[in-house]
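Remarks on the structure that follows.
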Amino acid sequence: MKVLLVSDFYPPAIGGLERHVARLARALSARGHDVAVATVGTRSNHMTSTEDGIVVHRLQQWAAVLPGVHVDPERPFPAPIPDPGLVRGLRDVMDRFEPDVVHAHGWILSSVAASCIGRSCALVATLHDAGTTCAKRTSFYLEQTPCSDSSLRRCLGCSADHYGVLKGVGLASLLRGARPLLRRVDAFVAVAEPIAEAVERLRVARSVPMFVTPNFVDGAVPPDGPRPSCVPARGPYVLFVGTLSRFKGVDVLLEVWRRHRLDAELVLLGARAVDTPSSLPSGVSMHVDVEHASVMHAHAHSELFVLPSQFPEPSPTVLLEAMTCGKAVVASRIGGIPDIVVDGVTGRLVEYDDLNGFARSIQQLLADPDLRRGLGAAGRQRASCFETGPVVSRIESVYADSVVRRANARK
Numbered sequence: 405m406k407v408l409l410v411s412d413f414y415p416p417a418i419g420g421l422e423r424h425v426a427r428l429a430r431a432l433s434a435r436g437h438d439v440a441v442a443t444v445g446t447r448s449n450h451m452t453s454t455e456d457g458i459v460v461h462r463l464q465q466w467a468a469v470l471p472g473v474h475v476d477p478e479r480p481f482p483a484p485i486p487d488p489g490l491v492r493g494l495r496d497v498m499d500r501f502e503p504d505v506v507h508a509h510g511w512i513l514s515s516v517a518a519s520c521i522g523r524s525c526a527l528v529a530t531l532h533d534a535g536t537t538c539a540k541r542t543s544f545y546l547e548q549t550p551c552s553d554s555s556l557r558r559c560l561g562c563s564a565d566h567y568g569v570l571k572g573v574g575l576a577s578l579l580r581g582a583r584p585l586l587r588r589v590d591a592f593v594a595v596a597e598p599i600a601e602a603v604e605r606l607r608v609a610r611s612v613p614m615f616v617t618p619n620f621v622d623g624a625v626p627p628d629g630p631r632p633s634c635v636p637a638r639g640p641y642v643l644f645v646g647t648l649s650r651f652k653g654v655d656v657l658l659e660v661w662r663r664h665r666l667d668a669e670l671v672l673l674g675a676r677a678v679d680t681p682s683s684l685p686s687g688v689s690m691h692v693d694v695e696h697a698s699v700m701h702a703h704a705h706s707e708l709f710v711l712p713s714q715f716p717e718p719s720p721t722v723l724l725e726a727m728t729c730g731k732a733v734v735a736s737r738i739g740g741i742p743d744i745v746v747d748g749v750t751g752r753l754v755e756y757d758d759l760n761g762f763a764r765s766i767q768q769l770l771a772d773p774d775l776r777r778g779l780g781a782a783g784r785q786r787a788s789c790f791e792t793g794p795v796v797s798r799i800e801s802v803y804a805d806s807v808v809r810r811a812n813a814r815k
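Numbering (the numbering used here), first residue to last: 405 to 815.
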């Protein structure tokens, strides 16, 4: 089968979605499929290349030339509506590659759907977050509570509060206006039940099959080696990996380290955001854009991993990577996180807004090496349920079903 994977970003860009698509590309290729990748190009990387034996097309979007649209030119998120530059580039790639299946990941879905109109290829869309229903992609209302109402008026106010009036109202309106394009999708793959439920509430998507398939990891444990330069040269440390933002709970961790004397440093690794803290308390270090191999070595040398997410994260790959390395985890009881972390068995779950609860759980695990090792061993076993083989087989089944569905629709 010829499969074109299309994503907002792709390695060397850093993030869970990027690693997911790269792993999927390698796994499908290893199973005999003819795989190509298309993604958004950046100022420093906009060429077609072959990476790990897979052709990667980096496409230019027209929005990239508009002033003020992208905060980071090296991470130019596509808009939630078709971008003429991306549509033209995608159509050119499809004309030459002639895919049986196009598999979209992220907000680039709208450009992909527009590119697939009039074509015989099946279109599958993986939903990694709430981006089809929420302009902030978090389903978190006014930075305070999980959202339960996606009415336009409520979305406009919430998005404006987050982005500012002009950008916020624009994004929320564009996202709502692009919903009819979802009718071109032949199957949705949600990485967690909350995401599936949110999309199924959309009238335009009710006739499209929905499958729930979690993120996955390859199960590889980093080889023994020295500590990477992004962690302390000696002494214990607690590790956080993710976007360095309030939504990921970075503010919670900084407050824990300000208020409590913990017997370990805190290491924050990730990508900058608009609200990335500019000052850090004693005992905390921050490193941005660390290559993934170093991140995995940072996991291997850490005491435990912490993810105090403040929004309903669907299926955080970073948790699976920490558990693969045999690390106990402390994470928020929110979104799809409890589907990965079994409270009291593989780690500790804490209510997302319970700062003292996070402090207690971290302190207890730091003080009890035997407990950490036991939770870590159970976590490694649990992570094996999310490895490449069974998950990719389910995705292949979705492809086969979608090809038949598209063929029947064209009769």
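Don't be surprised by glycine CBs; every beta carbon is placed ideally from N, CA and C.
Which of helix, strand or coil DSSP assigns to residue 779: Residue numbering aside, residue 779 sits at position 375 when the sequence shown is read from its first letter. Looking at residue 779 - three-state DSSP - the assignment turns out to be helix.
Per-residue DSSP class, three states only, for residue 565: Locating residue 565 in the sequence shown gives position 161, where the first residue counts as 1. In the structure shown, residue 565 sits in a helix (DSSP, three-state: H, G or I).
Segment limits, beta strand (DSSP E) that includes residue 752: Within the sequence shown, residue 752 is the residue found at index 348, counting from 1. Counting along the chain, the beta strand (DSSP E) containing residue 752 begins and ends at 751-754.
Helix, strand or coil at residue 424 [DSSP, three-state]: Taking the first residue of the sequence shown as position 1, residue 424 is located at position 20. In this structure, residue 424 counts as helix in the three-state DSSP scheme.
Best match in 503, 456, 531 and 525 for proximity to residue 411 [C-alpha to C-alpha]: Locating residue 411 in the sequence shown gives position 7, where the first residue counts as 1. Selected option, being the one with the closest Cα: 531.
Proximity winner among 686, 647 and 676, relative to residue 659 (alpha-carbon distances): In the sequence shown, the residue the question calls residue 659 occupies position 255. Residue 659 has its Cα closest to that of 686, out of 686, 647 and 676.
Contact under 9 Å by Cβ, residue 506 with residue 491: Counting from 1 along the sequence shown, the entry for residue 506 is found at position 102. Counting from 1 along the sequence shown, the entry for residue 491 is found at position 87. Contact flag unset, no.
Where residue 414 falls: helix, strand or coil (DSSP): Counting from one through the sequence shown, the residue named residue 414 turns up at place 10. It is coil, neither helix nor strand.
Proximity to residue 547 [Cα-Cα], best of 620, 637, 679 and 595: If you number the sequence shown from 1, residue 547 lands on position 143. Out of 620, 637, 679 and 595, 679 has the C-alpha closest to the C-alpha of residue 547.
Simplified DSSP state of residue 437, which is helix, strand or coil: For the purposes of this step, residue 437 is taken as residue 33 along the sequence shown, with counting starting at 1. In the structure shown, residue 437 sits in coil (DSSP, three-state: anything other than H, G, I, E or B).
Ranges of the alpha helix (DSSP H) found wholly within the stretch 660-718, counting only runs of at least 4: 696-705
At least three beta-carbon pairs within less than 8 Å, the stretch 624-639 to the stretch 695-710: yes
Distance, residue 612 Cα to residue 668 Cα: Taking the first residue of the sequence shown as position 1, residue 668 is located at position 264. Taking the first residue of the sequence shown as position 1, residue 612 is located at position 208. Between residue 668 and residue 612, the C-alpha separation is close to 49 Å.
Complete runs of the beta strand (DSSP E) confined to the stretch 540-610 [at least 3 residues]: 591-594
Residue environment, residue 789, which counts as buried when at least 16 other CB atoms sit within 10 Å: What you label residue 789 is simply residue 385 of the sequence shown in a count that begins at 1. So residue 789 counts as exposed.
Residue 644 - containing beta strand (DSSP E), residue span: For the purposes of this step, residue 644 is taken as residue 240 along the sequence shown, with counting starting at 1. Where residue 644 is concerned, the enclosing beta strand (DSSP E) stretches over 641-645.
Residue 812, buried or exposed, once every other Cβ within 10 Å from all chains shown has been counted against 16: For the purposes of this step, residue 812 is taken as the residue at position 408 of the sequence shown. Residue 812 comes out exposed.
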